[in-house]
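**Student:** Numbering (full-length UniProt numbering), first residue to last: 1 to 173. Backbone N, C-alpha and C fix where the C-beta goes; we use that ideal spot for every residue, glycine too. These numbers come from a predicted model, not from an experiment. After the structure tokens below, expect a handful of questions from me.
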């Protein structure tokens, strides 16, 4: 700041008294806002900030829209991929849905993969949590959360909306 004032004095833009006053203000300034009046008439005010244009997206990675259900059959099958685990087909049910109906419908595949990943995560948590005493207490809560979230996922698939299970390791893509 002091150097800018000295340069302005050397160029003849400031007289001796004005330079002394500006140097005193610069030395006693406590905030950046106190320094702004010292420089604005020397260099003018800053132009308003104009954000740079967004970068161009490459064609190699287009944004993929969410697959929509083609008809009500897709929604029912996608819902079944979530709800079939309630019948006791814990991991096998979503896997069967993925291997059969997932080949023909991207909507069913998306929901079956999400359900399968969630149930694999619940299985892993059910195996690893009992290692500790606190984890042993948490296992029933994990199972109740699994049942509730499977129902929510089934309803979400029926209503043709996107649903992602929380705290899920997405092992299968």
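Using 8 angstroms as the Cβ pair cut-off and three pairs as the minimum, do the stretch 130-147 and the stretch 105-115 touch?
**Tutor:** Short answer: they don't touch.
**Student:** For residue 75, count the other beta carbons within 10 Å of its own beta carbon; 16 or more makes it buried, fewer makes it exposed. Which is it?
**Tutor:** Numbered from 1 along the chain shown, position 75 holds the residue referred to as residue 75. Buried, since its Cβ has 16 or more Cβ neighbours within 10 Å.
**Student:** Under 8 angstroms by Cβ, that's how I've got residue 153 and residue 126 pegged, so tell me the actual separation to the nearest angstrom.
**Tutor:** Counting from one through the chain shown, the residue named residue 153 turns up at place 153. Counting from one through the chain shown, the residue named residue 126 turns up at place 126. Residue 153 to residue 126, Cβ: 18 angstroms. No contact.
**Student:** If residue 27 and residue 4 are in contact, beta carbons under 8 angstroms, what's the gap, nearest whole angstrom?
**Tutor:** Within the chain shown, numbered from 1, the residue matching residue 27 stands at position 27. Within the chain shown, numbered from 1, the residue matching residue 4 stands at position 4. So it is not a contact: roughly 14 angstroms between Cβ atoms.
**Student:** Can you tell me whether residue 11 is helix, strand or coil according to DSSP?
**Tutor:** One-based indexing of the chain shown puts residue 11 at position 11. Residue state, collapsed to three classes: coil.
**Student:** Using a Cβ-Cβ cutoff of less than 7 angstroms, which residues in the same chain neighbour residue 139 once the five nearest sequence positions on both sides are dropped?
**Tutor:** Here residue 139 refers to the residue found at position 139 of the chain shown. The residues are 126, 129 and 130.
**Student:** Does residue 84 come out as helix, strand or coil in the three-state DSSP assignment?
**Tutor:** Reading the chain shown from its first residue, position 84 is the one you call residue 84. Residue 84: helix per DSSP, three-state reduction.
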